[in-house]
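Under this note's numbering, the letters of the sequence shown match residues 426 to 698, in that order.
Just so you know, even glycine gets a beta-carbon here, dropped at the ideal spot from N, CA and C.
It should be emphasised that the depicted structure is a prediction, and the values quoted were computed from it without experimental measurement.
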Amino acid sequence: MQLANVTTPIRTNIVDIDTLLASEQSTERVFIAAQAALDESGFSEQCPHYLDALGTALSASPPYASQVYEDAYREASADRRWMAASLLTNSYREGEGATRLWSLAACADDPGIQALLKQHAVDESNHATFYLALLDLALPHSVDDEFREQLRQLSPGYTMAQSLFVVEGSPYGRAPTIDDFIQMNIAEIRTTLHHLMQRRALFACCDEQALPKVRKLLDRLLRDELRHVSYTAKLIEEMSAEAGIERLIDLFCRRFQDFNDITVDEFKQGVFD
């Protein structure tokens with residue numbers, strides 16, 4: 426498998442955030458997020474089967490980022506305590522995601538795929554600390570000092586200099602498959618949409634002095650999320666040559682429905698992360 430182009434560095438400052446935010450239809454916003462990721466990394470002309478599968482999945486299954494969902498998020502995020510808890514949840518999930526990716530990377534046979542998964546794991550490990558930094562900046566004194574110190578453990582602290590290993594007890598100690606990358610891709614698009622809602626909420630509650638640092642962290646998070654969308658899309662496209670287009674579309678539709686179901690269940694519980 427040729428992976429040289431997958432590592433093309435993502436360009437900065439060309440994400441049309443306003444277009445994403447202004448998109449009223451959730452289906453449109455999901456597709457725009459994927460297209461923006463591919464455009465940024467230069468893959469927009471290289472992933473036709475991926476885009477076809479994504480479009481089919483969107484038409485077959487109601488998108489998880491509906492307007493009623495966003496309205497509920499906006500109402501909930503007006504509560505500073507809820508917003509603080511949401512940032513802590515994000516930190517926890519990024520740390521957990523990092524350990525899953527680290528285990529998958531350790532078992533990847535292809536050196537290129539291994540490097541991409543390792544970088545993704547390091548990114549998510551860093552994101553766990555970013556969300557804690559956002560908590561400190563936007564909602565200072567939300568947690569006491571002792572608990573704040575314990576929160577450092579949410580990040581596994583991975584770096585590219587470390588040697589890979591399978592995390593003890595992880596069910597992800599196996600070679601990654603196209604199904605894994607499809608689930609990653611959908612999850613990263615969902616995270617991107619959550620990020621856009623969270624961005625508005627944090628700007629609303631943040632004081633002017635902290636705003637530049639908050640914006641810088643959020644921009645870094647958004648660039649990382651879009652880079653994750655693009656590299657997984659490129660791998661999905663390349664793996665589809667072996668898996669077959671019909672299987673690609675079937676997997677995309679089933680996994681998209683899975684994420685819809687998860688999001689709806691979380692929504693009923695008042696969870697939006």
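- In this structure, DSSP gives Cys472 a state outside helix and strand, which the three-state scheme calls coil.
- Under the DSSP assignment, Met609 falls in the alpha helix (DSSP H) whose first and last residues are Ile603 to Cys630.
- Within a 10 Å sphere around the beta-carbon of Gln634 sit fewer than 16 other beta-carbons, which makes this residue exposed.
- In chain order, Ser502, Leu564, Ala626 and Cys630 place their CB closer than 7 Å to the CB of Met508, counting only its own chain and leaving out the 5 sequence neighbours on each side.
- Under a 10 Å Cβ-count criterion, Lys659 is classified as buried, with 16 or more other Cβ atoms of the shown protein chains found around its own Cβ.
- In the structure shown, Ala478 adopts helical secondary structure according to DSSP, grouped into three states.
- Assignment of Gly537 by DSSP, reduced to helix, strand and coil, places it in the helix class.
- DSSP places Phe677 within a helical segment (H, G or I) once states are collapsed to three.
- Straight-line measurement puts the Cα of Ile607 at about 27 Å from the Cα of Leu642.
- Val591 and Ala600 have their C-alpha atoms some 11 Å from each other.
- A straight line joining the alpha-carbon of Leu646 with that of Glu667 spans about 33 Å.
- When Tyr475, Ser595, Glu519 and Gln682 are compared, the shortest CA-CA separation from Asp649 is found for Glu519.
- Looking at the backbone, the Cα of Gln544 and that of Ala533 are separated by about 13 Å.
- For Ala523, the enclosing alpha helix (DSSP H) has its first and last residue at Arg505 to Cys532.
- In its chain, beyond the 5 residues on either side, Ile603 have a beta carbon closer than 6 Å to the beta carbon of Met664.
- With contact defined as three or more Cβ pairs closer than 8 Å, the segment 491-501 and the segment 607-616 are not in contact.
- By alpha-carbon distance to Gly537, the top candidate from Thr657, Phe677 and Arg680 is Thr657.
- DSSP places Leu636 in the uninterrupted alpha helix (DSSP H) bounded by Leu636 to Ala668.
- Taking a C-beta distance under 8 Å as the contact criterion, Glu549 and Ala523 qualify as a contact pair.
- At a Cβ-Cβ threshold of 8 Å, Ser528 and Ser580 do not count as neighbours.
- For Val493, the enclosing alpha helix (DSSP H) begins and ends at Gln492 to Ser502.
- With a beta-carbon spacing of about 4 Å, Ser655 and Ala462 fall inside the 8 Å limit used to define contacts.
- Around the Cβ of Ala485, a 10 Å sphere holds fewer than 16 other Cβ atoms; the residue is exposed.
- About 4 Å separates the beta carbons of Phe681 and Ala482, which is inside the 8 Å limit, making them a contact pair.
- DSSP places Phe590 outside any alpha helix (DSSP H), giving it a letter other than H or E.
- With respect to Leu636, Leu559 sits apart: the two C-beta atoms are not nearer than 8 Å.
- Between Leu557 and Ser588, the beta carbon gap of about 26 Å keeps them out of contact (Cβ cut-off 8 Å).
- The beta carbon of Arg505 lies closer than 8 Å to those of Leu564, Ser567 and Cys630 in the same chain, with the five residues before and after it left out.
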